[in-house]
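**Q** Okay, handing you the structure first.
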Amino acid sequence: MNSNPQRECAEDPNIHTYGEYTRCLNSKLSNPYTVGLEMPLKQSIGTVLTVVGIVVVLILIALAIKAKVNPFDLILSLFK
0 MNSNPQRECA EDPNIHTYGE YTRCLNSKLS NPYTVGLEMP LKQSIGTVLT VVGIVVVLIL
60 IALAIKAKVN PFDLILSLFK
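Position one of the sequence shown corresponds to residue 0 (numbering that gives the first Met the number 0), numbered consecutively onward.
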């Protein structure tokens, strides 16, 4: 275990971004609770939008079935 991993990572000339600094610290500390916590913001926003999109499509299909309309005909009519 290094005496000061924060300083070592901060002074490393190969580290330019906060994400690289965090990965360096995680590898030096090897704490299982901190590894993987620094998911990039864009990736997490994309994941949330994907899940929301899937839920919206499922709700629309359920409403189309409830209205006794074939959901695939409804979807195909949007592209005509």
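Just so you know, even glycine gets a beta-carbon here, dropped at the ideal spot from N, CA and C.
Tell me which same chain residues have a C-beta within less than 7 Å of the C-beta of Q5, skipping the five on either side of it?
**A** Answer for Q5: L24, listed in chain order.
**Q** Throw me the rounded Cβ distance for the I60 and P70 pair, which I believe falls under 8 Å.
**A** So it is a contact: roughly 4 Å between Cβ atoms.
**Q** List the endpoints of the continuous alpha helix (DSSP H) containing K27.
**A** It spans 17-28 - the alpha helix (DSSP H) in which K27 sits, taken as one unbroken run.
**Q** Expressed to the nearest angstrom, what Euclidean distance is found between the alpha-carbon atoms of E19 and N3?
**A** Rounded to the nearest angstrom, the two C-alpha atoms are 17 Å apart.
**Q** To the nearest angstrom, how far is the alpha carbon of K79 from that of S26?
**A** Rounded to whole angstroms, K79 to S26 spans 54 Å at the Cα level.
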